[in-house]
Each structure stands twice: as C-alpha cells, then as structure tokens.
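*Asks:* After the structure tokens below, expect a handful of questions from me.
2 protein chains.
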Amino acid sequence: MRVTSADVARESGVSRTTVSYVLNAKQGVVITDATRKRVLDTAARLGYTPSAAARALRSGRSDLVLCVLPDWTVGPLLDSLIDHVTTSLHEHGLSVLVHISRGSRPLTDLWRAVTPCAVLGLLPFAEQDARAMTRAGIVVVDAALDEDPHPQTFSVPQAAIGQLQVEHLAQRGHRVLAYAAPADARLSAFAERRISGVRAACARLGLPEPRVTEVELTVGSASAALAAWRADEPATGVAAYNDEVALAVLAAAHDQGLLVPQDLAVIGVDDIPVARLATPPLTTVWQAIDAQAEYLAQAVLAALDPARPRPTRPDDVFHVVTRAST
Amino acid sequence: MRVTSADVARESGVSRTTVSYVLNAKQGVVITDATRKRVLDTAARLGYTPSAAARALRSGRSDLVLCVLPDWTVGPLLDSLIDHVTTSLHEHGLSVLVHISRGSRPLTDLWRAVTPCAVLGLLPFAEQDARAMTRAGIVVVDAALDEDPHPQTFSVPQAAIGQLQVEHLAQRGHRVLAYAAPADARLSAFAERRISGVRAACARLGLPEPRVTEVELTVGSASAALAAWRADEPATGVAAYNDEVALAVLAAAHDQGLLVPQDLAVIGVDDIPVARLATPPLTTVWQAIDAQAEYLAQAVLAALDPARPRPTRPDDVFHVVTRAST
DNA sequence: CTGAAAGCGCTTACAG
DNA sequence: CTGAAAGCGCTTACAG
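Just so you know, the sequences run in chain order D and E.
Residue numbers for the first sequence follow the numbering used here, beginning at 1 and rising by one.
Residue numbers for the second sequence follow the numbering used here, beginning at 1 and rising by one.
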C-alpha cells in the first residue's frame, strides 16, 4: 500500500541504509553520484514520503514546531506574529503547528502526541512542563510579558507600553490621566502590566494617580467611564488598553460633544487598520511585531542548532504613531 | 529515561498486552477490576504517557486533527471558528493543530509528518491531495465558498452575503448601488463571489449595474472611490466587502460632508466589535460562525465514526444587523 | 483472563 | 562505499 524506504531500496537496487543516507544527506558518508541519483529518482518516481511517525519513533525527532497559544483573544498582531514565524521557520524545513490551548488538556499529552523538535510558547511554560520537554530532548523557547531575568528569554515588556502612552500624553501637557482597561478577563495579564507601567510613569513624572476604569466595547460603557473621569478635576488624557477600547472612548466623547483632542486626548495601542479611519484618526502605540517574530524564529533555530549564533533581542520595538487624537 | 508501557507492565506485574488493553479501554476484552486498577495506578504513579509516534506507527492513527488554513488574512471570525472547533473536538479527545499554509510547502509532507486522524480544510483540497489522504486512511473534511454539489460538503455561500446586502439597501429605497471591494488580493476568492451575488441581486431586482471599486483602508482611497460613485447619477447605497472597508467609506463620507444614511447608506460584513462604535453605528451582515464551527466539528466526528449521525447543515447563517448607517 | 511474539517504517552503529 | 541487523514503543492477532 504505502511506499516505504524498502520499496525505494528494492527498486533502486540498494539497501535501506543507503536510501536513508541519501535521503537525509547524511554527513560523513560518501555515496557515489550514480547511486545517489538513482535513489533520488526512484524515490521521486514512486512518490515516496518518509513516515514521520517511524522517524520520530526511531530518532525521537521531527521537523515540527509546536506553537502553543495561551488563552488570549487572537488579534491581528498575533496573527502576523504566527504568520511570520511560520514563514521564517519554513525556510529551514520546519513546519509550525499552532495549538490554541484554552487551558484545556494537559500540555504533556500534546507534545507527546506531536513529538515536535521544538515547542514555542508565547508565555512562560510551567517549570515542570519545561523540564519534562527538555528531558525528552525537545527544545523549549518561551516568552515573557515582563523584563525577564533570563537574558535568553524573549520578553515584550507590557509595562513599557503604558509608560510610553503616559509620556506621550504628558508631553502634550496633560496632567490628569485616565486609563481605559479592557473588560475581557483574558486580557488581564497584559492589562495589569500595562497599568502598572502607567502608574509608575505618572509617579515618576509627578502626575496624580491615573483613574483606571474598565471599558466595554460599547458607547454606553465608555460614556459611563468618561463621566466618571470628567467629574471633579477632569481627566484630559486617556490611555486606552488598545485601539478598540480607544475607539469606544472616542465614540463616547463624540456622543457627549467633547472635542478631541482639545477637551480630551486619546491614545490606543496596536495600530489596527481601522485606527486611522477614526474621527479624528487615532494616535496609537505601534509594535515591531515582525522583528519580534523574527527573533522568536531565530531563537528556535539557534536552540535547535548550537552552531548557530543566538539572535540579538530586537530593541525599540514600541513606537508612538502620532495622529490627530492627541 | 522515558517511561514506556513495558515499565508500567513490569511495575504492575502484568504483560504489555494487558497494559495496552487497560489503557485503551479495549472493547470485548475482560480485565479484572483489580488488575485494571493496578495498571491505571501504576501508570499514573510513573507518569506514563504513551508515545504517540509509536502508536501512530503501529496503528496508523493518532488523535490529532490537522486544520489547514488557506492564505487568508485571519480575522476575528476565523479565530472564533478555530477556537470553537478546537474546543468542540477536544471534548472528544481530539487535539486540533492549525497550520497556516501560505501555499508554501506541499500539503503531503505535512500530513505525513503529523499523521493526523483527520484533516480539516476551509477550502476544498486539490483532488489529488484529498485522494492521497483518503488512501492513507485519513478522514478529509473540507469546505467550499460556493453552494457545493456534494451535499456533504460544508459551504458558506459568499454570493448570498452580497445578495443580502443588496436586498437590504433596496428595501431602504436605494437603487443606484456601489460595491467597495477589498484591495488585499488574498481576499479575492471571497470578494469575487460576493460581488457576483451583488450583481445577480441587482439584476433580479431591476437595479442598474452596481459600480465596483477597490477601496484601501485609507480615507484617501475611499474618498476617491466615493467621488467616482457620486459622479453622474450618484450612488446612494454602498455595500462594502467587510466592516473595515465600510469604515473607510464612512470616514470618506464624513470627510466630504455627506450625511449618512441620508445622502449615503453603507452596509458592511462581519459585525466586528468596532462596527457599533462608528459614527453612525454600522449596519452589517452577521454570520452564525459558532453554528458553522459546530457543524465542521460534528462533520469531523461523524467522518471518524460512521456510527455517529451526520450533522445537518446549519441554515440561516447570515443575518443583517440594522444600525444607523442605512 | 493474560502473555509471547510479530511487526509498523524508520535510523544507525557495526561489519565488511 | 554499502549491507545485515537491532531497536525505537506501541498494538494486536494468536495461543494458552
């Protein structure tokens, strides 16, 4: 039924050993050009594809990279990241498989089932999981949301985003600030860190404590938050968790007849396509997601092949895109 | 090093056969409760997880479902779809692995490497690929963008979306219509079908030919399109490819001082969160994506287990959400 | 009710 | 330069 290496061997009149050597371009073994060609031709003619299961069983390795996604809402940024990592690793013969883990089934079952050569996590793995995978010979690459003590861990310091937003607003003369936090609990890991960055920046710049309120993606919710922020000494600058939340705030401001940016300045995060279509166009924090993706891909390759140099972490990954909303 | 079924057998004083029977809850074999318990306990204690590679090699099956994504931009809708399918199949012990295929490497290499029990495609597979997978005992489930002749193929008829948009606009009294097509080539498979639905509906309702123009996600691009649409006999209704494009049109209308919906009515597709935050809130076509995802999950399960009833196709998957932009 | 043994398709020392 | 053989960790007829 299935074409095996034994078929290729028989058809080309060599042993399976030779077939394996040729097909895997085994280093240090010399094969006659004639033999090599014969084997390759036969393999092509018979449509031979090696059984990955057998190979994985025997060598304990595969060319699959398992990318485990935490329980986040997948936005366009994460999409680009995955897309870039996939493309980049594909150039090195690796296939990326993405699993959306909703905390569901133990990670162990999954990597045992896939037997990937590497597992890429966008959050740090549990100590125990990481150890088990390493012990099984699987390369583990993960990322952190904070500055991580391990120099080789990739981190996207969320606090820096909040800080950047505050600095931008302060620069424009705003002193009383509000933070529009996301209502989706799955984003709290990000939100908390960004908020702590906002708080720290306010303290450092001598601004009053920022007013943090959860804002759902409705005009009603944003209006309620806005009313609270405008009471007493009114907040004039709003840092939003992301562009969507920022657009809700913008809609509420419009609804209440506030002028943006005169009465209220708003800054988002992500630079989603729609941000520039808002009225007024939204100032936002842009991330160099491709640079981050490339770093992750290179980190996987370097971990897989010690001869490869470790990539250097991209710096300057955040960057304010100034538009008319601030 | 690694805990194998032989270890479990030795530790619990039975043969590997028995271990396999117990762990796989093999039908038709009777095992003493005491033995069963002993084996299960030992397995748990040793932290045994079967080698999927070995199992796949031996039985040719795994509990992995490979979901192949075409070269689309992954939007929130596709995210929900995948998320739902993953959750749903997970309840049946299956793990979904997503591969973003940028047309890159042959599909063959991938399914051979993963040896999944089923492959789920969101577009029809090439005849040849489908045959090869079926021959290898892999269940193939795919979907189509048109009404498909095969009754078991899942289809999300894109033409119906365009038709629905036109019907909605016509109902509101609009006769001269424009279509805002996406500029991203990766969406053309969808766009062409939606446009043909728009054309067909216009013809059927006796409306003039719709004016189709590509619109990028910038105010400038949308303004240019708008100017063209308003020349001569001005179009008063715009069907946009999706909500993002619709928001660009809305921004251009605002820019040119056109009143929406009085001067110009706009309808999108997708109901992204930001649609309701637009000024005015955007009328759009909503899709029952969860019902579609559930259908796909059930289709996979039914294909895997012939004893399961085939799911019935969800109908009424589209639905206009009327807001103030029309 | 349980076990000894074959075999899935590879890779890789080890001989020649 | 090439081949015979072992073995990766399972499942599953086949005996008992």
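Ideal Cβ positions, reconstructed from N, Cα and C, are used throughout, including at glycine.
#1: Under 8 Å between the Cβ atoms of D:S59 and D:A52?
#2: DSSP three-state call for E:A178: helix, strand or coil?
#3: Can you confirm whether E:A54, when its beta carbon is compared against all beta carbons of chain D, has any partner nearer than 8 Å?
#4: Is DSSP giving E:V260 helix, strand or coil here?
#5: Looking at C-alpha atoms only, which residue of E:S188, E:Q27 and E:A299 is the closest neighbour of E:L89?
#6: Using a C-beta cutoff of 8 Å, does D:R227 count as contacting chain E?
#7: Okay, do the segment 175 to 183 of chain D and the segment 225 to 240 of chain D touch, 3+ Cβ pairs below 8 Å being the bar?
#8: What is the DSSP secondary structure of E:R112, reduced to helix, strand or coil?
#9: Is the distance from the Cβ of D:V141 to the Cβ of D:L296 below 8 Å?
#10: Between D:R102 and D:V68, what straight-line distance do the alpha-carbon atoms span, to the nearest angstrom?
#11: Could you tell me which chain D residues have their CB closer than 7 Å to the CB of E:A113, listed as they occur along the chain?
#12: Quick one: is E:T49 near chain D, going by C-beta distance under 8 Å?
#13: Specify, as a first and last residue, the run of the alpha helix (DSSP H) that E:F190 falls within.
#14: Is there at least one non-hydrogen atom of the ligand COA closer than 7 Å to the beta-carbon of D:T279?
#15: Measuring CB atoms only, is the segment 152 to 167 of chain D touching the segment 189 to 206 of chain D, in the sense that at least three cross pairs come out at less than 8 Å?
#16: Measure from the C-beta of D:H168 to each C-beta in chain E and report whether the shortest distance is under 8 Å.
#17: Could you check whether the Cβ of D:I100 sits closer than 8 Å to any Cβ belonging to chain E?
#18: Give me the Cβ distance between E:T284 and E:V269, rounded to the nearest whole Å; I'm assuming they're in contact under 8 Å.
#19: What three-state label does DSSP hand E:L77 in the structure shown?
#20: When you compare the CB of E:V219 with every CB in chain D, is at least one pair closer than 8 Å?
#21: Taking 6 Å as the limit between beta carbons, can you name the residues of its chain near E:S221, skipping five residues before and five after?
#22: Span of the beta strand (DSSP E) holding D:W286?
#23: Answer with buried or exposed for D:T17, where buried requires no fewer than 16 other C-beta atoms within 10 angstroms of its C-beta.
#24: Compare the C-beta of D:P273 with all C-beta atoms of chain E and state if any pair is closer than 8 Å.
#25: Which bits of chain E does D:A251 rub up against, with CB to CB less than 8 Å?
#26: Mind checking who E:F125 pairs with in its DSSP beta bridge?
#27: Could you check if E:H99 is buried or exposed, using at least 16 other CB atoms within 10 Å of its CB as the buried criterion?
#28: Run through chain D and tell me which residues come within less than 7 Å of E:H92, C-beta to C-beta.
#29: Can you tell me which of the three DSSP states E:T213 falls into?
#30: Taking Cβ positions only, does E:L247 come closer than 8 Å to chain D?
#31: Mind checking whether D:P311 and D:A288 have CB atoms under 8 Å apart?
#32: Out of curiosity, what's the CA-to-CA distance linking D:I161 and E:V219?
#33: Tell me which same chain residues have a C-beta within less than 6 Å of the C-beta of E:G95, skipping the five on either side of it?
#34: Less than 8 Å between CB atoms is the rule here; does E:E127 satisfy it with respect to chain D?
#35: Please check the pair E:V156 and E:I138, which I expect to be a contact at CB under 8 Å, by giving their CB distance rounded to whole angstroms.
*Replies:* Here's the rundown:
#1: The residue labelled residue 59 of chain D in the question sits at position 59 within the first sequence. The residue labelled residue 52 of chain D in the question sits at position 52 within the first sequence. For D:S59 and D:A52, no; Cβs fall outside 8 Å.
#2: Residue numbering aside, residue 178 of chain E sits at position 178 when the second sequence is read from its first letter. Three-state result, E:A178: strand.
#3: Mapped onto the second sequence, residue 54 of chain E falls at position 54. Closer than 8 Å: yes.
#4: Locating residue 260 of chain E in the second sequence gives position 260, where the first residue counts as 1. Coil.
#5: Counted from its first residue, the second sequence places residue 89 of chain E at position 89. Minimum Cα distance to E:L89 is reached at E:A299.
#6: Position 227 of the first sequence holds residue 227 of chain D. It is worth fixing the name first, because residue 227 of chain D is Ala in this sequence and not Arg. It does not; no Cβ of chain E falls within 8 Å.
#7: Yes, the segment 175 to 183 of chain D is in contact with the segment 225 to 240 of chain D.
#8: Residue numbering aside, residue 112 of chain E sits at position 112 when the second sequence is read from its first letter. The answer is helix: DSSP assigns E:R112 an H, G or I state.
#9: Residue mapping note: residue 141 of chain D aligns to position 141 of the first sequence, counting from 1. Residue mapping note: residue 296 of chain D aligns to position 296 of the first sequence, counting from 1. Judged by their CB atoms, D:V141 and D:L296 are nearer to each other than the 8 Å cut-off.
#10: Looking up residue 102 of chain D in the first sequence gives position 102. Looking up residue 68 of chain D in the first sequence gives position 68. One C-alpha to the other measures close to 10 Å.
#11: The residue given as residue 113 of chain E occupies position 113 in the second sequence. Correct list: A52, S62, D63, L64 and S95.
#12: Along the second sequence, one-based indexing puts residue 49 of chain E at 49. Taking CB atoms only, E:T49 has a neighbour in chain D less than 8 Å away.
#13: Locating residue 190 of chain E in the second sequence gives position 190, where the first residue counts as 1. For E:F190, the enclosing alpha helix (DSSP H) has its first and last residue at S188 to L205.
#14: Here there are no bound small molecules, and the ligand COA is not part of this structure.
#15: As far as the Cβ criterion goes, the segment 152 to 167 of chain D touches the segment 189 to 206 of chain D, which means the pair count is three or higher.
#16: Here the question's residue 168 of chain D lines up with position 168 in the first sequence. So no, D:H168 is outside the interface.
#17: In the first sequence, the residue the question calls residue 100 of chain D occupies position 100. Output row for D:I100: interface = yes.
#18: Position 284 of the second sequence, counting from 1, holds the residue named residue 284 of chain E. Position 269 of the second sequence, counting from 1, holds the residue named residue 269 of chain E. The beta-carbon distance between E:T284 and E:V269, rounded to whole angstroms, is 6 Å. This is short enough to meet the 8 Å contact definition.
#19: In the second sequence, the residue the question calls residue 77 of chain E occupies position 77. DSSP places E:L77 in helix when its eight states are reduced to three.
#20: Against the second sequence, residue 219 of chain E aligns to sequence position 219. Yes, E:V219 counts as interfacial toward chain D.
#21: On the second sequence, position 221 is the one that residue 221 of chain E refers to. Excluding sequence neighbours, E:S221 sits near V215.
#22: Start at 1 with the first residue of the first sequence, and residue 286 of chain D comes out as number 286. Element bounds for D:W286: T283 to Q287.
#23: Here residue 17 of chain D corresponds to residue number 17 of the first sequence, with the count starting at 1. Residue environment analysis places D:T17 among the exposed positions, since fewer than 16 neighbouring C-beta atoms fall within 10 angstroms of its C-beta.
#24: Position 273 of the first sequence, counted from the start, is the residue given in the question as residue 273 of chain D. Yes, contact with chain E.
#25: Residue mapping note: residue 251 of chain D aligns to position 251 of the first sequence, counting from 1. In chain order: L277, A278 and T279.
#26: Within the second sequence, the letter at position 125 stands for residue 125 of chain E. Paired residue(s): none; E:F125 is not in a bridge.
#27: What you label residue 99 of chain E is simply residue 99 of the second sequence in a count that begins at 1. With 16 or more Cβ atoms within 10 Å of its Cβ, E:H99 is classed as buried.
#28: To locate residue 92 of chain E, count along the second sequence from 1; it is residue 92. Listed by position along chain D, the residues whose Cβ is nearer than 7 Å to that of E:H92 form an empty set, because the closest Cβ is around 11 Å away.
#29: Translated into the one-based positions of the second sequence, residue 213 of chain E becomes position 213. If DSSP states are grouped into helix, strand and coil, E:T213 belongs with the strands.
#30: Taking the first residue of the second sequence as position 1, residue 247 of chain E is located at position 247. By this cut-off, E:L247 is an interface position.
#31: As a first step, residue 311 of chain D is located in the first sequence; it is residue number 311 there, counting from the start. As a first step, residue 288 of chain D is located in the first sequence; it is residue number 288 there, counting from the start. One thing to note: D:P311 has its Cβ no nearer than 8 Å to the Cβ of D:A288.
#32: Numbered from 1 along the first sequence, position 161 holds the residue referred to as residue 161 of chain D. Numbered from 1 along the second sequence, position 219 holds the residue referred to as residue 219 of chain E. Distance between the alpha carbons of D:I161 and E:V219: 27 Å.
#33: Stepping through the second sequence from its first residue, residue 95 of chain E is reached at position 95. The sequence shown places Ser at residue 95 of chain E, not Gly. Excluding its 5 nearest sequence neighbours in each direction, E:S95 has C-beta neighbours in its own chain below 6 Å: L64, listed in chain order.
#34: The count along the second sequence starts at 1 and reaches residue 127 of chain E at position 127. Proximity of E:E127 to chain D, defined by a Cβ-Cβ separation below 8 Å, is not satisfied.
#35: Position 156 of the second sequence holds residue 156 of chain E. Position 138 of the second sequence holds residue 138 of chain E. Rounded to whole angstroms, the Cβ separation of E:V156 and E:I138 is 23 Å, and the two are not in contact under 8 Å.
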